[in-house]
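Chemist: Take a look at the following structure, please.
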Amino acid sequence: MKSPLVIAVPKGRILSEALPLLAAAGIVPEPAFSDEDSRALRFATNRADIDLIRVRAFDVATFVAHGAAQLGIVGSDVLMEFAYAELYAPVDLGIGHCRISVAEPADMAAKDDPRGWSHVRIATKYPGITRRHFEARGVQAECVKLNGAMELAPILGLAPRIVDLVSSGRTLKENGLVEVEPIAEVSSRLVVNRAAFKTRGEVVGLVDAFRAAVAGKAAA
């Protein structure tokens, strides 16, 4: 008997947007999945051949790339940062819309011109994206790796600028920061382990189910 397919889903904001798409694709997690007090990380679904795991957004790509999960839902920011060759991203799910941007304190931005930058020190959890972006402009980027609370870096003198995800911009504003340069638009993608896509026919069926779910959402 084949082991169940494992779909990795991210904790946090994207998950609430992903659940209706999962349901439209015919996948409904067990009740414990919605229990905020539960510490479980792996869950059964209404389908005996599919389990869900709930992990950090950055870890979704790692689980799928290494074959521990066969499919996952992950932001295109994570795919850009890690560029795993083992991942295939066949469906833009049309959720989790935001952008990766450079931000700095408002008083600095008032007299700053990004076109004049030659060297920048930036706090970010995206050092790969950040370096590639600035290298393409001929700017040297010194990256300070942080995993959260990015907005504190300029306030406390760790780095004058940050590169982070921006949605409404409210968090930036409340911390005295403003966007000065967008890097990329972001949305969530269905990702598939390439080997599993070739060897497990049911994976292809799931990709088609997600495509249909996205098309149905767009038509609604």
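According to UniProt numbering, the sequence shown holds residues 1 to 220 in order.
The beta-carbon is built from N, C-alpha and C at its ideal position, and this holds for glycine as well.
#1: Mind checking Leu93: buried by the 16 CB within 10 Å criterion, or exposed?
#2: Can you check whether the CB of Glu86 is closer than 8 Å to the CB of Pro160?
#3: Go ahead and pull the three-state DSSP assignment for Gly216.
#4: Quick check: what's the CA-CA separation for Lys145 versus Arg121?
#5: If you check the beta carbons only, do Asp112 and Val180 fall under 8 Å apart?
#6: How would you write the range of the beta strand (DSSP E) that His119 sits in, first residue to last?
#7: Could you tell me if Ser188 is buried or exposed, where buried requires 16 or more neighbouring beta carbons within 10 angstroms of its beta carbon?
#8: If we call anything under 8 Å between Cβ atoms a contact, is Ile73 one with Pro10?
#9: With a threshold of 16 other CB atoms inside 10 Å of the CB of His66, please say whether the residue is buried or exposed.
#10: For Pro154, count the other beta carbons within 10 Å of its own beta carbon; 16 or more makes it buried, fewer makes it exposed. Which is it?
#11: With three or more beta-carbon pairs closer than 8 Å as the criterion, would you say the stretch 201-219 touches the stretch 18-27?
#12: For the pair the stretch 58-65 and the stretch 189-198, tell me if three or more CB-CB distances fall below 8 Å.
#13: Mapping DSSP to helix, strand and coil, what is Ala57?
#14: Do Ala69 and Ile7 have their C-beta atoms closer together than 8 Å?
#15: Just tell me which of Cys98, Gly205, Ala57, Glu30 has its CA closest to the CA of Phe43.
#16: Return the CA-CA distance between Gly12 and Gly201, expressed in angstroms with no decimal places.
#17: Near Leu177, which residues of its chain fall below 8 Å by C-beta distance, leaving aside the five closest residues on each side in sequence?
#18: Measuring alpha carbon to alpha carbon, tell me which of Tyr126, His133, Ile129 ends up nearest Trp117.
#19: Note down, in chain order, each residue of its chain lying with its Cβ closer than 8 Å to the Cβ of Arg56, except the 5 sequence neighbours on either side.
#20: Apply the 10 Å Cβ neighbour rule to Gly96 and answer buried if 16 or more other Cβ atoms are within range, or exposed otherwise.
#21: In terms of residue numbering, what span does the alpha helix (DSSP H) encompassing Glu81 cover?
#22: How many angstroms separate the CA atom of Gly157 from the CA atom of Gln140?
#23: Kindly indicate which residue of Lys217, Ala209, Ala149 has the alpha-carbon position closest to the one of Lys125.
Modeler: According to the structure data:
#1: buried
#2: no
#3: helix
#4: 11 Å
#5: yes
#6: 119-124
#7: buried
#8: yes
#9: exposed
#10: buried
#11: yes
#12: yes
#13: helix
#14: yes
#15: Glu30
#16: 30 Å
#17: Ala103, Glu104, Pro105, Ala106, Glu151, Pro154, Ile162
#18: His133
#19: Pro10, Lys11
#20: buried
#21: 76-82
#22: 19 Å
#23: Ala149
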